[in-house]
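Undergrad: Starting off with a structure, shown below.
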Amino acid sequence: MTTNDRRAFRPDPRLSAALLLAKGVARGIQVAGRGGGTSAPGMVADRVDVGLLTKLTDRLAHGVVTVAGTNGKTTTSRMIADLLEAGGMKPVHNRSGSNLVRGVISAFASQARLNGDPGGDAGVIEADEAALPELLERVSPRALLLNNLFRDQLDRYGELDTIARKWRPAIERLGPETTIVVNADDPTLAALTTGVAARVVRFGFNEERHRLESLSHASDAAACRVCGADLAWHALYVSHLGDWYCPSCDNRRPDLDAIGLDIQLNGVESLDMTVRDTIRDTDGDHAIHVGVPGVYNAYNVLAAVAVGRVMDVPMPTIIASMAAFRSAFGRIERVTYRDRTLTLALVKNPVGFNEVLRMLTVATGGLEVPTLIAINDLHADGRDVSWLWDVDFELLADGDGKLATTGIRGADMANRLKYAGVAEDRLTPLPEEFESSLDAFVEQISAGGSGYILPTYTAMLRIRKILADRGAVESFWKQ
Ligand SMILES: [Zn+2]
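Per the numbering used here, the very first residue in the sequence shown carries number 1160; after that it's consecutive.
The following block contains the structure:
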């Protein structure tokens, strides 16, 4: 373990001035009571010293981990920050900030001292897809995690290739001092990291149990980068992620340095898996237990473990840190209300929704627990709800679990479920207002039983508020 020697930082008046200004702006925003103004301090600091982020991150003795990917950035970054800390480092993390460049600058400026001490000895930077090339110009990471690349809900007809094309030159500029930790189960990312100067550590699954039958509707089917033919999969795990190959040429998933296998899902609570890694000369298989649910999180776990190995955190420390990890507040929550246990899982795009549905149906082969789907289409939810047609609600057609719908677009949701083959006698379209529909839904659950609530973002906020106002979950919300 090393600590930063403050005397080692050469005085840098420009940097200090930029930090002073950033801190002043941040305080001003706080005093004015405007929460969430995370990019303004970075914006003004950047005008005074464009080198601020480079200077601060150069001073981090253990270097920087940059995390990029469409899904799971927040969870994976938190896991990585936790395991670096468990390994004796003091990470500086843009945890609360925006993950665009100005937001990252704001976060690092707020944690630095005016003398240019970065306030820690390692960095974890969560990078927005669009911001990654600019961030890589400013910060040369010790580890760059490329976790997955999905079409975003807001940009689902946009070009996945556009992102890949923008990333390519930035990734090619990295030298061997950077290790790229890449999800090789993602064909686009595997292609992006082939033949680069940086060291590459590839991870993926070799898993028997959790295979998908076919590409889901939400998937980004990919073409072979060598010959242009449509790719095929020996095994498919989440969306388009899996053991892919080209039927027309030799192109296939590259060999893996870290393998996830024997994944065991413990409902909405946790998962167990084995990680087999050859990143350092370690000894084969490691059993990992983590308090996050779903196959998609197994990818996040595997990614974080691989980054931990690259950052020289010992395997027993990684295992202990993962065992202590809990889901971020706001994604999956469990509350007790009127003697029923309600599990709330946020749904915001087809990929995430499919994972939730899989989680609810995998053990029983269909839906057996009463479920309320609450769909709003306010700005924060995304105004266009046609993405619901990309979700595999067909998974819910089997089983006896009752399905209720509510929210501004609850009627559309009920309609979608009918098309998915859900029998009419299982389906209850409830009113738009959550107050009454929540009660009607809870009536469908036997006392002492449990139910699932799957809300979009604003529906989640509203339902939580109602539950809190009714005193259901007091201790829970305080965390
Ligand atoms: Zn091919």
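We put the CB at the ideal spot given by N, CA and C, even for glycine.
Starting from residue 1584, follow its DSSP beta bridges and name the residues at the other end.
TA: Beta-bridge pairing links residue 1584 to no other residue.
Undergrad: Alpha carbon to alpha carbon, how far is residue 1618 from residue 1625? Give it in angstroms, no decimals.
TA: Computed Cα separation, rounded: 11 Å.
Undergrad: Using a Cβ-Cβ cut-off of 7 Å (strictly less than) and excluding sequence neighbours within five positions of residue 1643, which residues of its own chain qualify?
TA: Lying outside 1160 to 1638, the shown extent of the chain, residue 1643 is not represented and no answer is given.
Undergrad: Could you check what DSSP says for residue 1538 in three-state terms: helix, strand or coil?
TA: In the structure shown, residue 1538 sits in a helix (DSSP, three-state: H, G or I).
Undergrad: Give the range of the beta strand (DSSP E) segment to which residue 1339 is assigned.
TA: That run of the beta strand (DSSP E) goes 1338-1342.
Undergrad: Could you name the residues of the same chain whose beta carbon sits closer than 6 Å to that of residue 1600, not counting the 5 residues immediately before and after it, in chain order?
TA: Answer for residue 1600: 1531, 1563, listed in chain order.
Undergrad: By the three-class DSSP mapping on this structure, what secondary structure does residue 1488 have?
TA: Its pLDDT being 41, under 50, residue 1488 is placed unreliably by the model, and the measurement read from it follows with that caveat. It is coil, neither helix nor strand.
Undergrad: Please name the residue in 1565, 1542, 1529 whose C-alpha comes closest to that of residue 1607.
TA: Comparing Cα positions, the closest option is 1529.
Undergrad: Could you give the first and the last residue of the continuous alpha helix (DSSP H) run that contains residue 1113?
TA: As displayed, the chain neither begins before 1160 nor continues past 1638, which places residue 1113 out of reach and without an answer.
Undergrad: Is it buried or exposed for residue 1260, if we count other Cβ within 10 angstroms and need 16 for buried?
TA: Answer is buried; the Cβ neighbour count reaches 16.
Undergrad: Considering only residues of the same chain and omitting the five flanking positions on each side of residue 1533, which have a CB-CB separation below 6 Å?
TA: So the qualifying residues of the chain are 1565, 1566, 1614, 1618.
Undergrad: List, from N- to C-terminal side, the beta strand (DSSP E) runs of 3 residues or more that fit wholly inside the segment 1428-1471.
TA: Qualifying beta strand (DSSP E) stretches, in chain order: 1429-1436, 1444-1449.
Undergrad: Check each residue's C-beta against every heavy atom of ligand 1 and list, in chain order, those closer than 6 Å.
TA: Listed along the chain, these residues meet the criterion: 1383, 1385, 1386, 1388, 1405, 1407, 1408, 1410.
Undergrad: Under the assumption that residue 1226 contacts residue 1236 (Cβ atoms under 8 Å), give the Cβ distance between them as a whole number of angstroms.
TA: Residue 1226 to residue 1236, Cβ: 5 Å. Contact.
Undergrad: DSSP puts residue 1363 in a beta bridge; with which residues?
TA: Residue 1363 is bridged to 1418.
Undergrad: At what residues does the alpha helix (DSSP H) containing residue 1296 begin and finish?
TA: That run of the alpha helix (DSSP H) goes 1291-1297.
Undergrad: Three-state secondary structure (DSSP) at residue 1678?
TA: In the structure as shown, the chain starts at 1160 and stops at 1638, and residue 1678 therefore has no counterpart that could be examined.
Undergrad: Considering only residues of the same chain and omitting the five flanking positions on each side of residue 1406, which have a CB-CB separation below 7 Å?
TA: So the qualifying residues of the chain are 1388, 1391.
Undergrad: Going by the CB atoms, is the gap between residue 1558 and residue 1526 shorter than 7 Å?
TA: Against a cut-off of 7 Å, the Cβ pair of residue 1558 and residue 1526 comes out as a contact.
Undergrad: So, residue 1509 versus residue 1549, is the Cβ gap smaller than 7 Å?
TA: Yes, they are a contact pair.
Undergrad: Can at least three beta-carbon pairs, one atom from the segment 1236-1247 and one from the segment 1212-1226, be found at a separation below 8 Å?
TA: In short, these stretches touch, since the Cβ pair count reaches three.
Undergrad: Count Cβ pairs between the segment 1442-1451 and the segment 1212-1222 that sit closer than 8 Å; are there 3 or more?
TA: Not touching, per the Cβ criterion.
Undergrad: Spatial neighbours of residue 1297 within its chain, please: C-beta separation below 7 Å, excluding the five flanking residues on both sides.
TA: Cβ neighbours of residue 1297 beyond the five flanking positions: 1212, 1213.
Undergrad: Does any residue of chain B have a CB that is nearer than 7 Å to the CB of residue 1171?
TA: Among the protein chains of the structure shown there is no chain B, as only one such chain exists.
Undergrad: In this structure, does DSSP put residue 1395 in helix, strand or coil?
TA: Three-state result, residue 1395: strand.
Undergrad: Are residue 1501 and residue 1612 close, meaning C-beta to C-beta below 7 Å?
TA: Result yes, Cβ atoms of residue 1501 and residue 1612 sit closer than 7 Å.
Undergrad: Which ranges would you report for the beta strand (DSSP E) in the segment 1557-1622 if only whole runs of at least 3 residues count?
TA: With a minimum length of 3 residues, the continuous beta strand (DSSP E) runs that stay inside the segment 1557-1622 are 1562-1565, 1586-1588, 1609-1614.
Undergrad: First and last residue of the beta strand (DSSP E) that includes residue 1250?
TA: That run of the beta strand (DSSP E) goes 1250-1252.
Undergrad: How would you label residue 1286, buried or exposed, when you count the other beta carbons within 10 angstroms and need 16 or more for buried?
TA: Buried, because 16 or more other Cβ atoms sit within 10 Å of the Cβ of residue 1286.
Undergrad: Over the uninterrupted beta strand (DSSP E) stretch that includes residue 1528, give me the two end residues.
TA: Premise fails: residue 1528 is in no beta strand (DSSP E) and is neither H nor E.
Undergrad: With respect to the beta strand (DSSP E) encompassing residue 1402, which residues constitute its N-terminal and C-terminal limits?
TA: Unbroken beta strand (DSSP E) run through residue 1402: 1400-1404.
Undergrad: Which parts of the segment 1166-1192 are runs of the alpha helix (DSSP H), unbroken and 4 residues or longer, counting only runs that do not cross its ends?
TA: Correct list: 1172-1190.
Undergrad: On the criterion of 16 or more Cβ atoms from any shown chain inside 10 Å, does residue 1208 qualify as buried, or is it exposed?
TA: Looking at its Cβ environment, which holds 16 or more other Cβ atoms inside 10 Å, residue 1208 is buried.
Undergrad: Give the secondary structure of residue 1282 by DSSP, where H, G and I count as helix, E and B as strand, and everything else as coil.
TA: Correct three-state label for residue 1282: strand.
Undergrad: According to DSSP, is residue 1638 part of a helix, a strand, or is it coil?
TA: Caution applies to residue 1638, whose pLDDT of 28 falls short of 50 and renders its modelled position unreliable; the value that the coordinates give is listed next. DSSP places residue 1638 in coil when its eight states are reduced to three.
Undergrad: Can you tell me which of the three DSSP states residue 1630 falls into?
TA: In this structure, residue 1630 counts as coil in the three-state DSSP scheme.
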